[in-house]
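Just so you know, the sequence shown maps onto residues 176 to 285 in my numbering.
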Amino acid sequence: MEAVQDTVRIANDSLEYEIIIIEPGFNAWLVTQRPRGFYTEQFLETRNRRNVIDYNQRVRQPFRYDPNIYMQEINYEPTIHYGYEVNYLLYHYFLFLEQRYNQRFFFSRG
(Lines of atoms letter the chains of each structure in order from A and count residues from 1; the text may use other names and numbers.)
(Lines give C-alpha, C1' and ligand atoms only; values in the text may rest on other atoms or scores of the structure.)
Protein backbone atom coordinates (compact mmCIF):
# COMPACT_ATOMS: atom_id res chain seq x y z
CA MET A 1 0.00 0.00 0.00
CA GLU A 2 1.42 3.38 -0.97
CA ALA A 3 0.75 6.41 1.18
CA VAL A 4 1.66 8.78 -1.66
CA GLN A 5 -1.33 7.96 -3.85
CA ASP A 6 -4.99 8.16 -3.00
CA THR A 7 -5.69 4.69 -4.32
CA VAL A 8 -5.68 1.62 -2.10
CA ARG A 9 -5.62 -1.75 -3.81
CA ILE A 10 -5.42 -5.10 -2.09
CA ALA A 11 -5.39 -8.25 -4.18
CA ASN A 12 -4.61 -11.89 -3.56
CA ASP A 13 -4.24 -14.12 -6.61
CA SER A 14 -5.13 -17.26 -4.67
CA LEU A 15 -8.43 -15.83 -3.39
CA GLU A 16 -11.41 -14.26 -5.12
CA TYR A 17 -11.41 -10.81 -3.60
CA GLU A 18 -9.77 -7.45 -3.75
CA ILE A 19 -10.52 -4.03 -2.37
CA ILE A 20 -9.75 -0.87 -4.28
CA ILE A 21 -10.45 2.47 -2.63
CA ILE A 22 -10.12 5.43 -4.95
CA GLU A 23 -11.00 8.47 -2.91
CA PRO A 24 -8.89 11.64 -2.83
CA GLY A 25 -7.47 12.21 0.62
CA PHE A 26 -8.22 8.73 1.96
CA ASN A 27 -4.61 7.68 2.55
CA ALA A 28 -3.68 10.93 4.28
CA TRP A 29 -6.79 10.64 6.46
CA LEU A 30 -6.16 6.95 7.23
CA VAL A 31 -2.79 7.59 8.89
CA THR A 32 -4.57 9.82 11.44
CA GLN A 33 -6.91 7.03 12.55
CA ARG A 34 -6.58 4.28 15.13
CA PRO A 35 -3.81 1.86 14.18
CA ARG A 36 -4.12 -1.65 12.83
CA GLY A 37 -4.68 -4.02 15.70
CA PHE A 38 -6.80 -1.58 17.70
CA TYR A 39 -10.03 -3.28 16.60
CA THR A 40 -10.62 -7.02 16.52
CA GLU A 41 -11.33 -8.62 13.18
CA GLN A 42 -14.75 -9.67 14.44
CA PHE A 43 -15.58 -6.05 15.33
CA LEU A 44 -14.60 -4.91 11.83
CA GLU A 45 -16.50 -7.73 10.09
CA THR A 46 -19.68 -7.05 12.07
CA ARG A 47 -19.68 -3.38 11.19
CA ASN A 48 -18.68 -3.93 7.59
CA ARG A 49 -21.49 -6.43 7.00
CA ARG A 50 -24.13 -3.95 8.09
CA ASN A 51 -22.51 -0.90 6.52
CA VAL A 52 -22.16 -2.64 3.16
CA ILE A 53 -25.90 -3.36 3.20
CA ASP A 54 -26.63 0.31 3.97
CA TYR A 55 -24.17 1.51 1.33
CA ASN A 56 -25.52 -0.78 -1.39
CA GLN A 57 -29.09 0.28 -0.65
CA ARG A 58 -28.01 3.87 -1.21
CA VAL A 59 -26.38 2.96 -4.53
CA ARG A 60 -29.76 1.58 -5.65
CA GLN A 61 -31.52 4.85 -4.76
CA PRO A 62 -29.74 7.53 -6.86
CA PHE A 63 -32.62 10.00 -6.54
CA ARG A 64 -32.48 9.83 -2.76
CA TYR A 65 -28.70 9.54 -2.22
CA ASP A 66 -25.96 11.36 -4.09
CA PRO A 67 -24.80 9.11 -6.95
CA ASN A 68 -21.45 10.92 -6.90
CA ILE A 69 -20.83 9.40 -3.46
CA TYR A 70 -22.58 6.05 -3.99
CA MET A 71 -21.36 5.06 -7.45
CA GLN A 72 -21.31 1.28 -7.41
CA GLU A 73 -22.16 -1.55 -5.07
CA ILE A 74 -19.58 -3.15 -2.81
CA ASN A 75 -19.37 -6.90 -3.27
CA TYR A 76 -18.80 -8.09 0.31
CA GLU A 77 -19.97 -11.61 1.12
CA PRO A 78 -20.41 -12.34 4.84
CA THR A 79 -19.39 -15.99 4.36
CA ILE A 80 -15.95 -15.10 2.97
CA HIS A 81 -13.01 -14.54 5.29
CA TYR A 82 -11.35 -11.46 3.80
CA GLY A 83 -8.72 -11.06 6.49
CA TYR A 84 -7.86 -8.22 8.81
CA GLU A 85 -6.39 -5.76 6.32
CA VAL A 86 -9.36 -5.75 3.95
CA ASN A 87 -11.80 -5.36 6.84
CA TYR A 88 -9.70 -2.62 8.42
CA LEU A 89 -9.58 -0.59 5.20
CA LEU A 90 -13.25 -1.10 4.40
CA TYR A 91 -14.32 -0.06 7.90
CA HIS A 92 -12.22 3.08 7.65
CA TYR A 93 -13.59 3.82 4.19
CA PHE A 94 -17.06 4.06 5.75
CA LEU A 95 -15.74 6.34 8.50
CA PHE A 96 -14.06 8.49 5.86
CA LEU A 97 -17.30 8.83 3.88
CA GLU A 98 -19.15 9.80 7.05
CA GLN A 99 -16.69 12.55 7.88
CA ARG A 100 -16.00 13.86 4.41
CA TYR A 101 -19.56 13.85 3.07
CA ASN A 102 -21.49 14.16 6.33
CA GLN A 103 -23.10 10.74 5.94
CA ARG A 104 -24.31 8.39 8.63
CA PHE A 105 -24.19 4.60 8.35
CA PHE A 106 -25.87 1.98 10.51
CA PHE A 107 -22.68 1.37 12.50
CA SER A 108 -20.46 4.35 13.11
CA ARG A 109 -17.26 4.56 15.08
CA GLY A 110 -17.14 2.15 17.95
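By construction, the Cβ of each residue, glycine as well, lies at the ideal position given by its N, Cα and C atoms. Predicted model, so just to flag it, every value in this text is computed and none were measured.
Backbone secondary structure at residue i - three-state DSSP
{"i": "ILE228", "result": "helix"}
{"i": "GLU198", "result": "coil"}
Outcome for residue i when other beta-carbon atoms lying within 10 angstroms are tallied against a minimum of 16
{"i": "ILE195", "result": "exposed"}
{"i": "TYR276", "result": "exposed"}
{"i": "ASN243", "result": "exposed"}
Cα-Cα separation between residue i and residue j, rounded to whole angstroms
{"i": "GLN274", "j": "TYR268", "result": "10 angstroms"}
{"i": "VAL339", "j": "GLN217", "result": "Since the first residue of the chain shown is 176 and the last is 285, residue 339 is not available in this structure."}
{"i": "THR207", "j": "ASN250", "result": "27 angstroms"}
{"i": "TRP204", "j": "PHE213", "result": "17 angstroms"}
{"i": "TYR240", "j": "MET246", "result": "10 angstroms"}
{"i": "ARG225", "j": "PHE238", "result": "22 angstroms"}
Item checked: Ranges of the alpha helix (DSSP H) found wholly within the segment 233-285, counting only runs of at least 4 -> Whole alpha helix (DSSP H) segments, 4+ residues: 259-276.
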